[in-house]
Amino acid sequence: MPDIRELGPQGRGMLHEGWSTEVADYVIVCGWALEGNAFLVGDAAGGLYAFEGKSGTTLWHRKEVHEGGILAMSIHPDGHIFATAGQDGRVLIWKSKEGESNKALEIGKGWVEHLQWSPDGQFLAVVFSHYVYVFGADGKEHWRSDKHLSTVSAVAWSKSNELATACYGRVTFYDVIRDQVNQKLEWQGSLVSMVLSPDGDIVACGSQDNSVHFWRRSTAQDAEMTGYPGKPSQLAFDQTGMVLATGGGERITVWSFQGNGPEGTVPGELDLHIGAISSLAFSNRGSLLASGSRDGSVFVWLLQKNGHGEPLGGAFVGGRVEAIAWRPDDCALAAVNANGGINVWDFKNRTKSSPKGFS
Amino acid sequence: MNGTQKVPVTILTGFLGSGKTTLLNKILSEEHGKRIAVIENEYGEVGIDQGLVINADEEVFEMSNGCICCTVRGDLIRVLGNLMKRRDKFDYVLVETTGLADPGPVAQTFFMDDEIRSEFSLDGIVTLVDAAHIDQQLGRSDESSEQVAFADVLVLNKTDLVSDESLDTLEARLRDMNRMARVVRSKQADVSVETVLNLGAFDLDQVLERRPSFLEPEYPFEWTGVFQLEPGRYEVSLEEGPDPMMSLVVVADQGTDEESLNEGAESCVRLYAESAELLHPGDKIPLNKHVNLQLQSEGRKSFSLEVEKSGHLGLFTQHTAEEFDIKVRRMDTSVSESGSNQQNDLLIPPIAERTWVAQHEHDDEVGSIAIERLGDVDPEKLNKWLGRLLSEKGVDIFRTKGFISYAGEPRRIVFQGVHMLFTSQPDREWGNEPRRNQLVFIGRNLDEEALQSGFDKCLT
Chain A
1 MPDIRELGPQ GRGMLHEGWS TEVADYVIVC GWALEGNAFL VGDAAGGLYA
51 FEGKSGTTLW HRKEVHEGGI LAMSIHPDGH IFATAGQDGR VLIWKSKEGE
101 SNKALEIGKG WVEHLQWSPD GQFLAVVFSH YVYVFGADGK EHWRSDKHLS
151 TVSAVAWSKS NELATACYGR VTFYDVIRDQ VNQKLEWQGS LVSMVLSPDG
201 DIVACGSQDN SVHFWRRSTA QDAEMTGYPG KPSQLAFDQT GMVLATGGGE
251 RITVWSFQGN GPEGTVPGEL DLHIGAISSL AFSNRGSLLA SGSRDGSVFV
301 WLLQKNGHGE PLGGAFVGGR VEAIAWRPDD CALAAVNANG GINVWDFKNR
351 TKSSPKGFS
Chain B
1 MNGTQKVPVT ILTGFLGSGK TTLLNKILSE EHGKRIAVIE NEYGEVGIDQ
51 GLVINADEEV FEMSNGCICC TVRGDLIRVL GNLMKRRDKF DYVLVETTGL
101 ADPGPVAQTF FMDDEIRSEF SLDGIVTLVD AAHIDQQLGR SDESSEQVAF
151 ADVLVLNKTD LVSDESLDTL EARLRDMNRM ARVVRSKQAD VSVETVLNLG
201 AFDLDQVLER RPSFLEPEYP FEWTGVFQLE PGRYEVSLEE GPDPMMSLVV
251 VADQGTDEES LNEGAESCVR LYAESAELLH PGDKIPLNKH VNLQLQSEGR
301 KSFSLEVEKS GHLGLFTQHT AEEFDIKVRR MDTSVSESGS NQQNDLLIPP
351 IAERTWVAQH EHDDEVGSIA IERLGDVDPE KLNKWLGRLL SEKGVDIFRT
401 KGFISYAGEP RRIVFQGVHM LFTSQPDREW GNEPRRNQLV FIGRNLDEEA
451 LQSGFDKCLT
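Chains as they are written, first to last, in the working numbering: chain A, 1 to 359; chain B, 1 to 460.
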């Protein structure tokens, strides 16, 4: 096992030192906006920052935008606006370039924990306690869910008008335009995370009892992958929907959906982190997986269709890696950590014949 | 991963009206220099308006395997997961549960969730009890007795509404149910912040440091009297009492200080474990032997005792001297065998007495069982026994605490558990201290005899 500290923040292998900086508090959310020209960061104290994508120069900085701290951020598909939510029970919609918020939605007294723009950017899903609200980009409420069995733990859009919600014991698909339930997938367990395959057919949820549960919507078939040492809160599908990377321990477990898998198959295991996995992100194209850990290490892996993979590069940033994000062109990777550190590495992706995935 | 200290978490339970909000308000407004984050689960009428207070709806999540011990509180995992990112803002966490909460899932959350376990440590469970109403509540609801059973500290609140006498009765009842807990009395939840925070109750090192013998052992006898006797014959006489029979052990050279009394008691436990010889009135009581005195006939019954050399004789009796009016008299050599000497001047009072916490029938379904044994246990046998016990009875066993002496291990092994979840670790070295084992089980309908004989089989 290599000493991950020796990797250093500058990175090794295919990770090349880009820029780095630090903010005042624990970084909770991050993302790329304005076609990769801005990198947005929100911290636990409610600070919001935008850095120039290539140099790391501060574009703007806003303090205490949510009293009690930021909990969630979602960047609009066009990258020109984004939304933040926090412990103050509010959702703010911002202009990425100017760092100005022109809309504040008062949701209620309590935490707003999850936000998600629909793929076409028409709707913003907002999770507040047992309810999910859908707003338009103009800040008008379009739809509101019925009361869930528990606090909603995750949301994901399967289509521009269909929203999936996860809570204790259930995943529900809502048509938010017709206001109807399209499908209910039930399973007695506390679902802590959820991802959908890009075609929307596979629903994968991390469960509190250290397992991953998934369903195929078309056949209503479900399966349970057990044996994780911790709860798999981190889940990521690659763009083809062929492989699902999961955390839930120090190793990354990768399930392959080729053939009749993953049921009855042996998953790929990516084993270099020495602390539990804290974030996972697939590249926008191709089969590159970036992973971050509580131990402060970041690795990039090249995955095969069968779920097995090889490391391409790594870095050590010193604090729990809270979030990780590929730039839209996949030529840079950013990681933010618990010590307020922000690291961006250049990634030499062959842009001319970029990997097209597994097809 | 990083060596940072885990944040201690106190759980505050108690029925509605027991004074939780009053206590919380007091803690938050008091100048104690501690930074406390409060997770409040009950929307009380009295608002809490200071400090870092987060409201959360109690969410009890059972797992698909149906195991009660895997049941956790989803709301706490969520809230603590976010609080973790603001660790610089507070040093302690106080979790208030609703009046009807089962403390099990709350406690289990700190063992079962890997992320919570790595950042927070369960420091202790404090249960507030409304002295005026707990008697009825205990009869009516399981939650109420479970809250008492899980507690490390029981705050007996609203004592001004109840007479001293009924307070004592109530305290005795609560102690029967939970013998590990410290009982603190208060009027308007006016207890110091130290009573509630940083208890180290789940850190057995600290518990044992504070109370080396954290449980008052239960003995098969209720009373010990030490008598200074010269060589000669003596009469031990008893009135009618609550039982037609009473067991007794008389030992020679019994010291009178606290330590000697405890040592004598421990060695008598072993004598009591042997089967008793039945004695009838008029019989001679042998030394260092377990006997049953037959007391069926009417009036005062006498037994005789012979002392060969002067010294301190210890009587360890099943019931208290008061209950049977036990008296020891010097018998004149000329006194007839009937022992009818009534001269009071020959009455010998004890030079030391001690009343013990007695093993007795528990009225409540929920109770504590204590096992105290000298000697070493075989680790393999103990693990096997405990493993099976907790998997079979884990639902009914709420808390387990204790320390044991492993054969060949120079250190004490301390352990504790919540339902089936169980941890053990080596503690300080035994040194010159006699090797012994103490275990407490708190739970519902526990079979004391089965537990004791199960443990005894693990002794080497």
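The beta-carbon is built from N, C-alpha and C at its ideal position, and this holds for glycine as well.
Query                                                                                                              : Result
Contact check, Leu421(B) vs Phe111(B), beta carbons under 7 Å                                                      : yes
Through-space distance from Gly286(A) to Ile442(B), alpha-carbon basis                                             : 57 Å
Residues near Leu382(B) in its chain [Cβ-Cβ closer than 6 Å; skip 5 each side]                                     : Cys458
Continuous beta strand (DSSP E) assignments of at least 3 residues falling wholly in the region 363–428 of chain B : 366–374, 397–404, 411–418
For Gly66(B), the nearest candidate out of Glu310(A), Asp209(A), Trp32(A) (CA to CA)                               : Asp209(A)
Rounded C-alpha distance that separates Val196(B) from Thr10(B)                                                    : 7 Å
The region 257–268 of chain B: positions lying closer than 8 Å to chain A by Cβ                                    : none
Amino acids of chain A, ordered along the chain, whose beta-carbon sits closer than 8 Å to that of Asn463(B)       : Chain B is shown from 1 up to 460; residue 463(B) falls before or after that span and cannot be answered.
The region 86–106 of chain B: positions lying closer than 7 Å to chain A by Cβ                                     : Arg86
CB contact below 7 Å: Glu61(B) versus chain A                                                                      : Checking the displayed sequence, the identity of residue 61(B) turns out to be Phe instead of Glu. Chain A contact via Cβ: present.
Local conformation of Ala290(A) per DSSP, three classes                                                            : strand
N-terminal and C-terminal residue of the beta strand (DSSP E) that Pro311(A) is part of                            : 309–316
Runs of alpha helix (DSSP H) wholly within the region 100–174 of chain B (minimum 4 residues, chain order)         : 103–112, 114–119, 134–140, 142–150
The region 46–63 of chain A / the region 99–108 of chain A touching (three or more Cβ pairs under 8 Å)             : yes
Through-space distance from Ser129(A) to Gly110(A), alpha-carbon basis                                             : 8 Å
Burial state of Phe455(B), where buried means 16 or more other Cβ atoms lie within 10 Å                            : buried
Three-state secondary structure assigned by DSSP to Gly44(B)                                                       : Because the pLDDT of Gly44(B) is 46, which lies under 50, any placement of that residue in the model is unreliable, and the number read from its coordinates should be weighed accordingly. Coil, per DSSP.
Identity of the residues DSSP links to Ala30(A) by a beta bridge                                                   : Position check: residue 30(A) holds Cys in this sequence, whereas Ala was assumed. Looking at the DSSP assignment, Cys30(A) forms a beta bridge with Val41(A).
Backbone secondary structure at Leu7(A) - three-state DSSP                                                         : helix
Backbone CA spacing between Arg471(B) and Leu94(B) [nearest angstrom]                                              : With chain B covering 1 to 460 only, the question about residue 471(B) has no answer from this structure.
First and last residue of the uninterrupted beta strand (DSSP E) at Ser379(A)                                      : There is no way to answer for residue 379(A), as the model of chain A reaches only from 1 to 359.
Start-to-end residues for the alpha helix (DSSP H) that takes in Ile77(B)                                          : 74–83
CB contact below 7 Å: Ser190(A) versus chain B                                                                     : yes
Beta-carbon neighbours of Thr151(A), restricted to chain B and to distances below 9 Å                              : Ala56, Asp57, Glu59, Gly74, Asp75, Arg78
Any beta strand (DSSP E) of 3 or more consecutive residues that is wholly inside the region 41–74 of chain A       : 48–52, 58–62
Identity of the residues DSSP links to His312(B) by a beta bridge                                                  : Gln228(B)
Residues near Val195(A) by beta carbon distance below 6 Å, same chain, minus five either side                      : Ala204, Leu235, Phe237
Cβ contact check for the region 328–341 of chain A and the region 14–30 of chain A: 3 or more pairs under 8 Å      : yes
Gln180(A) burial status per 10 Å Cβ neighbour count (16 or more: buried)                                           : exposed
Cβ of Ala44(A) within 7 Å of any chain B Cβ                                                                        : yes
Beta-carbon neighbours of Asn292(B), restricted to chain A and to distances below 9 Å                              : Ordered by position in chain A, no residue passes the 9 Å Cβ test against Asn292(B), which lies about 54 Å from the chain.
At least 3 beta-carbon pairs within less than 8 Å: the region 113–121 of chain B vs the region 56–70 of chain A    : no
Supposed contact pair Gly299(B) and Gln188(B) - C-beta distance, whole angstroms, cut 8 Å                          : No, Gln188(B) and Gly299(B) are not in contact; Cβ-Cβ is about 54 Å, not under 8 Å.
From Pro410(B), Asn432(B), His419(B), Pro434(B), residue whose alpha carbon lies closest to that of Gln425(B)      : Pro410(B)
Top-ranked residue by Cα proximity to Gly200(A), from Phe173(A), Glu186(A), Asp329(A)                              : Phe173(A)
Within chain A, partners of Cys70(B) - CB distance below 7 Å                                                       : Asp209
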